[in-house]
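Only one structure is covered here, and it is reproduced in the block below.
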Amino acid sequence: MSRYAREWSVAGALAAGLVFLALFAPSFFQPQPLLSLAARTAPVLVVTCAMSLVLIGRQIDISAGSLFSVCSVVAGLLAARHCPVVVIVPATLLVGAVMGALNGVLVAGLGLPAIVVTLATMVTWREGLRWEREGLWVDLPERFQWFGLPQAAGQGGLILVALGLLFLLAMGLRHSAGGRFVYAVGSDAEAARLAGIPPRRVGFLLFVMAGALTGLAALLNTVQSPQVDPNCGNGLEMKAIAAAVVGGVAISGGRGSLWGALAGLLLLACVGPALTHLHAQPYWEKATQGAVILMAVVADGWRARSSGRGRGRA
Amino acid sequence: MAEWVFFALYGRHFASLDNSFDLLRHSAEIGLLAMAMTAVILTGGIDLSVGSLLGLCAVVLGMLWRDAHVPLGLAVVITLAGGALAGAMNAWLITWLRLPPLIVTLAGFSLFRGIAEALTRGVDTFTGFPAGFLFLGQERWLGAPAQLPVLVAVAAAAWWFVHGTAGGRSLRVIGYSPEGARYAGIPVERRLALVYIASGLTAALAAVLYTARLGQARADAGTGYELLAITAVVLGGTSIFGGAGSVPGTLLGVAAIAVLNNGLVHLRQPREVAGLCTGALLILALAGAAGWKKLAGRRRRWQLDAQPNRSIP
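Going line by line, the protein sequences match chains C and U.
Numbered according to this note's numbering, the first sequence terminates at residue 837, and the numbering increases by one at each position without gaps.
Numbered according to this note's numbering, the second sequence terminates at residue 302, and the numbering increases by one at each position without gaps.
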């Protein structure tokens, strides 16, 4: 089981954390708030899957949060105009895919570093959206919430969709040729190219897919409340990267699994509400996130150093 | 190419280039960050944490002044030391643990801002700085904004170091090929540590200027500044991959951004448009640089193909 050693240790930490909470903050385990927490985390899980795919391919996408906000607003505006759901879903996915394609063209097509490109697109989308919305929220019609289902069913449905998507993607990543390509390109793009795998096309498709998945996540998030906040995606990419990195996805690419990212996300998602239930200050959440990323990466670096491996450049 | 960008913007906004010293003040902080960022990017790295570190240093300065009642001069020195220390932490992770600068500074981006927000509980703002301190940020000295000598001093030091000393010139070698630099006897780790510590130090210095300019220290100080600094460096002709670039180019990049912001303010555009334009500008600059390189490569190949095979034995 050593291939999944990292994932198991994260799951172990998660289990330990849950036991700790059960002993010291049992109020955390009430069914309705827990269900709501899970439903709120479902969109983040989808974005984390998207981010994990991108990271495994040795890229990075810090524009995911702004992309999420834009897609949320687009979905909200379409819903406010009473578009049928069958139109809203593909339209939102398309918007996400197109924005992802822009990242893809710049990174894979022109060979620009993903960090700077996605930094630029992140700011561009965020400021453009802020300018256009002028801070106004979008009001959603009643029927749109939870896709018209009662709340508990809607929440359960969202969680199932997210988990199902995770399962599909994880299976695809491990067993399909395309998934193998992603790992290959992420480990060594030049070697992959020599083996006949087109690294640039894989990279481009990764960004398009990440965009579409983030659009879907935005949709899953929009149906949960009666309004859309144009700032809803702020900081989302950091959460996704933190979850992925904690779960064993390497920043330098080629390693990691979606199940690990799930474990990482669950671990991190519990931190915020756990702090509340332990009556600690909520302002430490962002700092905790940064610290967790740092600790996970340092642990990886330490292990690599002591086992004599060289460094991987992002 | 950097000059071309600058003059294009300069020409368009010439009419609005009156004595907007306020924008010069704002640019002084970006300029400081961009100086250190140039050195970092030359080595092929990046520092995404400078904006958040600026915020943290501002908060630390405010806390030292207001809560710990430390004399302001000493508080400034402690803040600068703190910035250098944060830079040293980045440097240690990058050189000792061989972690990619990307993820280390990305974690710092989140961590520093998070600590700043936690320390101020999200809402606290430090005010009440003495007039002597605020002079640095808001008054003029010999007819120019008081920040200007600071910026000029740092820019001159950066210019001298990067272009004049062997240590500075080695930065470009490190960026072009770290292993090659090591074989050439260049102390790569030491140079890298130096640039990241300098980055932290300038972030702290910029935080001091920022606080003096606004008269208050807040946790959200410096938000987005890392993007502006990187944009200035890239606009100024430095390659984002490292190995090529110049300090005067970055200064022109800072000026270009200042002119752009100035123009937007005069056109009475809201703040968001400035952010939008900066992001778009960075994309255009990067795409332009990449496209230029491809064209140059293609043109050279045509020229080589057109010549008879003299050079091939």
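Cβ coordinates follow ideal geometry from the N, Cα and C atoms, glycine included.
Three-state secondary structure (DSSP) of residue i
| i | result |
| --- | --- |
| phenylalanine 118 (chain U) | coil |
| proline 90 (chain U) | helix |
| alanine 603 (chain C) | helix |
| histidine 15 (chain U) | helix |
| alanine 4 (chain U) | Residue placement at alanine 4 (chain U) cannot be trusted, given a pLDDT of 45 that sits under 50; what the coordinates show is reported in the next sentence. Of the three classes helix, strand and coil, the one that applies to alanine 4 (chain U) here is helix, per DSSP. |
| serine 532 (chain C) | helix |
| methionine -10 (chain U) | Only weak support exists for where methionine -10 (chain U) lies, its pLDDT of 49 falling under 50; the value from the coordinates is given anyway. Of the three classes helix, strand and coil, the one that applies to methionine -10 (chain U) here is coil, per DSSP. |
| aspartate 584 (chain C) | coil |
| arginine 834 (chain C) | At arginine 834 (chain C) the pLDDT is 47, less than 50, meaning the model places this residue with poor confidence and gives no usable figure here. |
| tryptophan 782 (chain C) | helix |
| glutamine 258 (chain U) | coil |
| methionine 818 (chain C) | helix |
| histidine 58 (chain U) | coil |
| serine 595 (chain C) | helix |
| methionine 524 (chain C) | Bear in mind that a pLDDT of 43 at methionine 524 (chain C), under 50, signals an unreliable position, so the number given afterwards is only what the model happens to contain. It is coil, neither helix nor strand. |
| isoleucine 774 (chain C) | coil |
| tryptophan 85 (chain U) | coil |
| valine 746 (chain C) | coil |
| glycine 719 (chain C) | coil |
| isoleucine 229 (chain U) | coil |
| glycine 756 (chain C) | coil |
| proline 176 (chain U) | coil |
| threonine 109 (chain U) | coil |
| leucine 271 (chain U) | helix |
| serine 38 (chain U) | coil |
| leucine 95 (chain U) | helix |
| leucine 688 (chain C) | helix |
| alanine 201 (chain U) | helix |
Residues bridged to residue i (per DSSP)
| i | result |
| --- | --- |
| valine 661 (chain C) | C:Val751 |
| arginine 207 (chain U) | U:Thr114 |
Residue i, enclosing alpha helix (DSSP H) - first and last residue
| i | result |
| --- | --- |
| proline 554 (chain C) | 554 to 579 |
| valine 156 (chain U) | It is worth fixing the name first, because residue 156 (chain U) is glycine in this sequence and not valine. Note, glycine 156 (chain U): alpha helix (DSSP H), 155 to 165. |
| tyrosine 706 (chain C) | 700 to 710 |
| histidine 255 (chain U) | 236 to 255 |
| tryptophan 648 (chain C) | 637 to 656 |
| threonine 32 (chain U) | Where threonine 32 (chain U) is concerned, there is no enclosing alpha helix (DSSP H), given that its DSSP letter is neither H nor E. |
| threonine 615 (chain C) | 608 to 627 |
| alanine 631 (chain C) | Where alanine 631 (chain C) is concerned, there is no enclosing alpha helix (DSSP H), given that its DSSP letter is neither H nor E. |
| arginine 666 (chain C) | Per DSSP, arginine 666 (chain C) belongs to no alpha helix (DSSP H) and is neither H nor E. |
| threonine 212 (chain U) | Premise fails: threonine 212 (chain U) is in no alpha helix (DSSP H) and is neither H nor E. |
| alanine 759 (chain C) | Contrary to the premise, residue 759 (chain C) reads as leucine rather than alanine in this sequence. 759 to 769 is the span of the alpha helix (DSSP H), which, as asked, contains leucine 759 (chain C). |
Euclidean distance between Cα positions of residue i and residue j
| i | j | result |
| --- | --- | --- |
| glutamine 812 (chain C) | tryptophan 660 (chain C) | 27 Å |
| alanine 469 (chain C) | phenylalanine 101 (chain U) | Past the boundaries of the shown model lies residue 469 (chain C); chain C is included only from 524 to 837, so the question cannot be answered. |
| serine 99 (chain U) | tyrosine 214 (chain U) | 14 Å |
| alanine 244 (chain U) | leucine 642 (chain C) | 21 Å |
| alanine 792 (chain C) | alanine 766 (chain C) | 9 Å |
| valine 746 (chain C) | leucine 681 (chain C) | 9 Å |
| alanine 587 (chain C) | tyrosine 199 (chain U) | 30 Å |
| glycine 701 (chain C) | leucine 275 (chain U) | 30 Å |
| valine 639 (chain C) | valine 609 (chain C) | 36 Å |
| serine 699 (chain C) | arginine 563 (chain C) | 30 Å |
| glycine 174 (chain U) | phenylalanine 150 (chain U) | 19 Å |
| glycine 580 (chain C) | serine 710 (chain C) | 8 Å |
| alanine 675 (chain C) | leucine 194 (chain U) | 53 Å |
| proline 607 (chain C) | glutamate 657 (chain C) | 26 Å |
| glycine 833 (chain C) | proline 89 (chain U) | Here glycine 833 (chain C) scores only 47 on pLDDT, less than 50, and its place in the model should not be relied on; the value that follows carries that caveat. Approximately 11 Å, taken between the alpha carbons. |
| phenylalanine 59 (chain U) | alanine 120 (chain U) | At residue 59 (chain U) the sequence reads valine, which differs from the phenylalanine that was named. Answer to the nearest angstrom: the Cα atoms are 16 Å apart. |
| tyrosine 527 (chain C) | alanine 47 (chain U) | 43 Å |
| alanine 603 (chain C) | threonine 615 (chain C) | 14 Å |
| tryptophan 669 (chain C) | alanine 206 (chain U) | 43 Å |
| phenylalanine 547 (chain C) | valine 705 (chain C) | 43 Å |
| asparagine 757 (chain C) | threonine 109 (chain U) | 20 Å |
| valine 768 (chain C) | glycine 268 (chain U) | 27 Å |
| valine 820 (chain C) | valine 93 (chain U) | 8 Å |
Output needed in chain order: residues of the stretch 257 to 276 of chain U with a Cβ under 7 Å from some Cβ in chain C.
Answer in chain order: Pro259, Glu261, Val262, Gly264, Leu265, Thr267, Gly268, Ala269, Leu271, Ile272, Leu275, Ala276.
If the cut-off is 9 Å on Cβ atoms, which residues from the stretch 638 to 649 of chain C count as contacting chain U, listed in chain order?
Ile638, Val639, Val640, Leu642, Ala643, Thr644, Met645, Val646, Thr647, Trp648, Arg649
Taking a Cβ distance cut-off of 8 Å, strictly less, list which residues of the stretch 234 to 257 of chain U are near chain C, in chain order.
none
Members of the stretch 148 to 175 of chain U near chain C, C-beta cut-off 8 Å
none
Residues of the stretch 89 to 100 of chain U with Cβ closer than 9 Å to any Cβ of chain C, in chain order
Pro89, Pro90, Leu91, Ile92, Val93, Leu95, Ala96, Gly97, Phe98, Ser99, Leu100
Chain C contacts made by the stretch 208 to 236 of chain U, where a contact means CB separation under 9 Å
Flagged, chain order: Gly213, Glu215, Leu216, Ile219, Thr220, Val223, Ile229, Phe230.
Give, in chain order, every residue of the stretch 554 to 581 of chain C whose Cβ lies closer than 7 Å to some Cβ of chain D.
Among the protein chains in the structure shown, which are C and U, there is no chain D.
Relative to chain U, which residues along the stretch 765 to 784 of chain C have a C-beta separation below 9 Å, given in chain order?
Ala765, Val768, Ile774, Ser775
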